[in-house]
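Our numbering puts the first residue of the sequence shown at 416, with every later residue one more than the last. Note that beta-carbon positions come from the ideal geometry of N, C-alpha and C, so glycine has one too.
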Amino acid sequence: YLGPSFAPFGILFLITIIRLIRSLGVGEKFVRFVLALLIGAVILRAFAIVILKDPSLQFIFNLLSSSMLLGMQVVCAYFMCVNLFLESNPIKEKLWASVCVYFMLGASFGTLYSMITLVDPGALGVQLSNPAEVYILGLVYSFNVISGLDPVYDNASETIRMTAVLESIFSMLFMVILIGRLLGSKE
Numbered sequence: 416y417l418g419p420s421f422a423p424f425g426i427l428f429l430i431t432i433i434r435l436i437r438s439l440g441v442g443e444k445f446v447r448f449v450l451a452l453l454i455g456a457v458i459l460r461a462f463a464i465v466i467l468k469d470p471s472l473q474f475i476f477n478l479l480s481s482s483m484l485l486g487m488q489v490v491c492a493y494f495m496c497v498n499l500f501l502e503s504n505p506i507k508e509k510l511w512a513s514v515c516v517y518f519m520l521g522a523s524f525g526t527l528y529s530m531i532t533l534v535d536p537g538a539l540g541v542q543l544s545n546p547a548e549v550y551i552l553g554l555v556y557s558f559n560v561i562s563g564l565d566p567v568y569d570n571a572s573e574t575i576r577m578t579a580v581l582e583s584i585f586s587m588l589f590m591v592i593l594i595g596r597l598l599g600s601k602e
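Structure (structure tokens):
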């Protein structure tokens, strides 16, 4: 738990995600559902960190929170990809959307890594106990993978390494499809 000094960053992230969800071009009911997933994930995580003292209940609430966050991230990435490949969108909008999708891809896999380290605290090769540490190091590992750098953690588990291979394939496939669509666009 990083304490109240990091609350402004969390609030800024929450506002950014809410604005992103509202601009996806989907129905209002669906927007409310996705926002409910996000807010529910934040509330569950805060409840697990601040109030719960039983480690098994903290584990369940943290895993449930991460699952909800991952679901929300995957849904957002899907609809961002749909909007990205609409022919009616101008090229500048497509380029910014592609950056957002790429970062959302990294954030989604970061959440997946944090879920793996919740189940196996030593999966990254270091012992993690703090929930904020788990999530942040999952993000660091994820962005390390999609940037093409060597892994930060040499002693990562087989599950983490295989997930990193999957993330690398997804990110490269996204880039190939994106370049093909942008080169083939009429603009």
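| request: State whether the region 567 to 580 contacts the region 528 to 545, with contact taken as three or more CB pairs (one from each stretch) at a distance under 8 Å. | output: yes
| said: Could you compute how far the alpha carbon of V555 sits from the alpha carbon of V497? | reply: As a first step, residue 555 must be located in the sequence shown, where it is residue number 140. As a first step, residue 497 must be located in the sequence shown, where it is residue number 82. If you take the alpha carbons of V555 and V497, they lie about 27 Å apart.
| field | Whole-Å CB distance - L485 paired with T526, under 8 Å assumed | value | As a working mapping, residue 485 is identified with position 70 in the sequence shown. As a working mapping, residue 526 is identified with position 111 in the sequence shown. That pair is a contact at about 5 Å.
| query | How do the region 512 to 530 and the region 478 to 492 stand: do at least 3 beta-carbon pairs fall below 8 Å, yes or no? | reply | yes
| task | For the alpha helix (DSSP H) containing F524, list its first residue and its last residue. | result | Reading the sequence shown from its first residue, position 109 is the one you call residue 524. From DSSP, the alpha helix (DSSP H) with F524 extends over I506 to V534.
| message | Quick check on DSSP: helix, strand or coil for F589? | response | For this step, residue 589 is matched to residue 174 along the sequence shown. Correct three-state label for F589: helix.
| task | Go ahead and label L453 buried or exposed: buried means 16 or more other beta carbons lie within 10 angstroms of its beta carbon, across all protein chains shown. | result | Stepping through the sequence shown from its first residue, residue 453 is reached at position 38. Buried, since its Cβ has 16 or more Cβ neighbours within 10 Å.
| request: Indicate the three-state DSSP secondary structure (helix, strand or coil) for G442 in the structure shown. | output: By one-based count along the sequence shown, residue 442 stands at place 27. Three-state result, G442: coil.
| query | What are the start and end residues of the alpha helix (DSSP H) that includes F494? | reply | Here the question's residue 494 lines up with position 79 in the sequence shown. Segment P470 to L499, the alpha helix (DSSP H) holding F494.
| request: Indicate the three-state DSSP secondary structure (helix, strand or coil) for V457 in the structure shown. | output: On the sequence shown, residue 457 is found 42 positions in, with the first residue counted as 1. Helix, per DSSP.
| message | Could you tell me the alpha carbon to alpha carbon distance between C515 and C491, rounded to whole angstroms? | response | On the sequence shown, position 100 is the one that residue 515 refers to. On the sequence shown, position 76 is the one that residue 491 refers to. Approximately 10 Å between the Cα atoms of the pair.
| task | With DSSP collapsed to three states, give me the class of I466. | result | Sequence index remark: in the sequence shown, residue 466 carries index 51 (1-based). I466 falls in the coil class under three-state DSSP.
| task | Measure the C-alpha to C-alpha separation of L478 and R447 and round it to an integer number of angstroms. | result | Counted from its first residue, the sequence shown places residue 478 at position 63. Counted from its first residue, the sequence shown places residue 447 at position 32. Taking the straight line joining both Cα atoms gives about 22 Å.
| said: At the level of alpha carbons, what is the spacing between F462 and D469? | reply: Your numbering for residue 462 matches position 47 in the sequence shown. Your numbering for residue 469 matches position 54 in the sequence shown. Going by the C-alpha atoms only, they are around 12 Å apart.
| field | Secondary structure of Y550, DSSP reduced to three states | value | The residue you call residue 550 lines up with position 135 of the sequence shown. DSSP places Y550 in helix when its eight states are reduced to three.
| said: Helix, strand or coil for L435? Go by DSSP, reduced to three states. | reply: Taking the sequence shown and counting its residues from 1, one reaches residue 435 at position 20. In the structure shown, L435 sits in a helix (DSSP, three-state: H, G or I).
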